[in-house]
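Asker: One structure, pasted below without further comment.
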Amino acid sequence: LSVVGLFGWGMNRLEIETDFTKNFRGGSRIVRAYEFVESRLGGAGVFDITLPAPARLDWNYMQRVLRLEQRLREEVVVLDERGEPTPGLTKVLSLADGVVAGSPVEINGLPLRIVRDSTARKGVELMHERIPAFVDALYFTPTDENETSSDGANTAAPTKPARFRIMLRARERQPAAEKLSLIAQVDAIVRDELEQDAWAKDARLSPPDASADESPEGTLDQAIADRAHVTGYFVLLTNLIASLLEDQWTCFGIATLGIAVMMMLAFRSPTLAAAALVPNALPIIMVLGGMGWLGLKMNMGAAMIAAVSMGLSVDSSIHYISSFRRARRDGSTVVAAIVQTQRTVGPAVVFSTLALIVGFAVLVTSQFIPTVYFGVLVSLAMLGGLFGNLLVLPFLLLLVSPGDR
């Protein structure tokens, strides 16, 4: 029990592998490509902010976008390898930056608002003429008739809210906790900015989503903040990784419960069902606990081994217990039934398990590291299950079986 407790404690030390490049062998092309992007292009973590926007862009709206971008550059911080705060976002870019960069004059210095708005829209128009796909990807204004004016703005009445996109880039190679903190900081800054009255006015220029609160008394959070989203591949992958460990235990628990119910129905004995589960669960606990103590991180392959290993190795337990019960019904004592079962079922259990282990061991040749982890760890868990079924299960049957020993 102390050994099991030690390995069980090791499971609390499990950490998630958050570096996407660790899913591939070090010399692979994708790892080299990631290293190039991380070191020279500002990071491989790409995500976006989508904002509610007016049906026609104006300079005041772009100024608010630029202010939001500046806050994101200055206020979003993460800790580097030395524990020092460093900017969390390496790139923040939107259509507003393109308008400012392409304008021959300082737009803020122009005297009249109508002139500033006209200059900003002219910048959008010129960009749309040269790179329409780029502009359409950053500012989306759906219409009934899908009509577009010369400056890129839709002329038909909008039926859905206009959306304005800010592109963000961050380092991919950082812990999941840092990634989640970075995303939370971005979301908090966006929501703080959108609580301003000017944003609320612009948001009402476009019709709300069908899911939004359309009543005049709707709260600002419902009408605006819920329509601003921090989204993209970086957010998706980070949340996927963060939920990996929790999902593993959920799947393992459901699999164990389902197997226990089936065993109780088959043997009509909760005691025998529990006896069958123990020798198959112990190797899984030892494998995962060993990973925790050795500092090996969980990836997508390792997260699947618990439920899969339990389902594979419990098959041997079913054959063993079925043979044991037949021997008992034929009048054998408990010890004699165990000996008979070891002689008849034992060799079949050994060879079938070894065949599965050899089959899964082939996965170590894969270029995808989670597949390698899966093959190795399932093989180890099944090897442990083999010893459990041949050594631990007979001992448990000896303890729980009534009658003549």
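Residue numbers (my numbering): 45 to 449. In this text, a Cβ means the ideal position worked out from N, Cα and C, and glycines have one as well.
Could you check whether the stretch 354 to 370 touches the stretch 416 to 433, counting it as contact only if at least three pairs of C-beta atoms, one from each stretch, sit closer than 8 Å?
Answerer: yes
Asker: To which residues of the same chain is I362 closer than 8 Å at the C-beta, ignoring the five residues directly before and after it?
Answerer: M307, A310 and A320
Asker: Assuming D92 is part of the alpha helix (DSSP H), what are its boundary residues?
Answerer: That residue, D92, is in no alpha helix (DSSP H); its beta strand (DSSP E) goes G89 to A97.
Asker: Take T282 as the anchor and find which of I382, A177, A228 and I303 has the nearest alpha-carbon.
Answerer: A228
Asker: For R207, which three-state DSSP category applies?
Answerer: strand
Asker: Please work out which residues of its chain come closer than 7 Å, Cβ to Cβ, to G432, disregarding the five sequence neighbours upstream and downstream, and give them in chain order.
Answerer: The answer, listed in chain order, is P323, N324, L326 and P327.
Asker: Grab me the residues of G54's own chain with a C-beta within less than 8 Å of its C-beta, minus the 5 sequence neighbours each way, in chain order.
Answerer: L332, G333, G334, M335, G336 and W337
Asker: Mapping DSSP to helix, strand and coil, what is P314?
Answerer: helix
Asker: Just to confirm the assignment, what range does the alpha helix (DSSP H) spanning S366 have?
Answerer: Following the DSSP letters along the chain, one finds S366 inside the alpha helix (DSSP H) bounded by residues I349 to R373.
Asker: Put S147 into one of helix, strand or coil per three-state DSSP.
Answerer: In the three-state reduction of the DSSP assignment, S147 falls in the coil class.
Asker: Whole angstroms is fine: what's the gap from A214's alpha carbon to A99's?
Answerer: 30 Å
Asker: Answer yes if the stretch 66 to 85 comes into contact with the stretch 412 to 422, meaning at least three C-beta pairs across the two stretches below 8 Å, and no otherwise.
Answerer: yes
Asker: Which same chain residues end up closer than 6 Å to M344 when comparing Cβ atoms and leaving out the 5 residues on each side of it in sequence?
Answerer: P414
Asker: What does A214 pair with, by DSSP beta-bridge criteria?
Answerer: G89
Asker: Check for me: the alpha helix (DSSP H) holding L443 runs from which residue to which?
Answerer: L437 to V444
Asker: Thinking Q133 and R117 are a contact (beta carbons under 8 Å), I'd like their distance in whole angstroms, please.
Answerer: Inspection of the sequence shows that residue 133 is occupied by Leu rather than by Gln. Confirmed, about 6 Å.
Asker: If you compare alpha carbons, which of D231, L110, L434 and S376 is closest to F91?
Answerer: D231
Asker: Give the straight-line distance between the Cα atoms of G146 and P176, rounded to the nearest whole angstrom.
Answerer: Looking at the two C-alpha atoms, the distance is approximately 15 Å.
Asker: Using the Cβ count rule (16 or more neighbours within 10 Å means buried), how would you classify F404?
Answerer: buried
Asker: Starting from P391, trace the alpha helix (DSSP H) both ways and give me its first and last residue.
Answerer: G390 to A405
Asker: Can you tell me which of the three DSSP states P131 falls into?
Answerer: strand
Asker: Would the beta-carbon of E82 fall within 7 Å of that of A88?
Answerer: yes
Asker: In the DSSP output, which residue or residues are listed as bridge partners for M342?
Answerer: I60
Asker: Could you tell me which of L435, I93 and T397 sits nearest to R383, measuring between CA atoms?
Answerer: It should be noted that the sequence gives Val, not Arg, for residue 383. For V383, the closest of L435, I93 and T397 by C-alpha to C-alpha distance is L435.
Asker: Any heavy atom of the ligand ADP closer than 6 Å to the CB of N343?
Answerer: The model on display carries no ligand, and the ligand ADP is accordingly not part of it.
Asker: Classify S46: buried if its beta carbon has 16 or more other beta carbons within 10 angstroms, exposed otherwise.
Answerer: Exposed, by the Cβ-count rule.
Asker: Would you mind stating whether T94 and R165 have Cβ atoms separated by less than 7 Å?
Answerer: no
Asker: Within 7 Å (strictly less), CB to CB, does M330 reach chain D?
Answerer: The structure shown has no chain D; it contains just one protein chain.
Asker: To the nearest angstrom, report how far apart D374 and I365 are at their CA atoms.
Answerer: Looking at the two C-alpha atoms, the distance is approximately 14 Å.
Asker: Around the C-beta of G395, are 16 or more other C-beta atoms found within 10 angstroms, so that it is buried, or is it exposed?
Answerer: The displayed chain sequence assigns Phe, not Gly, to residue 395. Exposed, since its Cβ has fewer than 16 Cβ neighbours within 10 Å.
Asker: Considering only their Cβ atoms, is the gap separating I329 from G86 smaller than 7 Å?
Answerer: no
Asker: Look at the alpha carbon of V168 and the alpha carbon of V352, and state the distance between them as a whole number of angstroms.
Answerer: Going by C-alpha positions, V168 is about 55 Å away from V352.
Asker: Please classify T385 as buried or exposed, where buried requires at least 16 other C-beta atoms within 10 Å of its C-beta.
Answerer: buried
Asker: Can you check DSSP and say which residues form a bridge with T275?
Answerer: Per DSSP, D92.
Asker: For V444 versus T294, is the C-beta spacing smaller than 7 Å?
Answerer: no
Asker: Should V234 go down as buried or exposed, given a rule of 16 or more other Cβ atoms within 10 Å for buried?
Answerer: V234 comes out buried.
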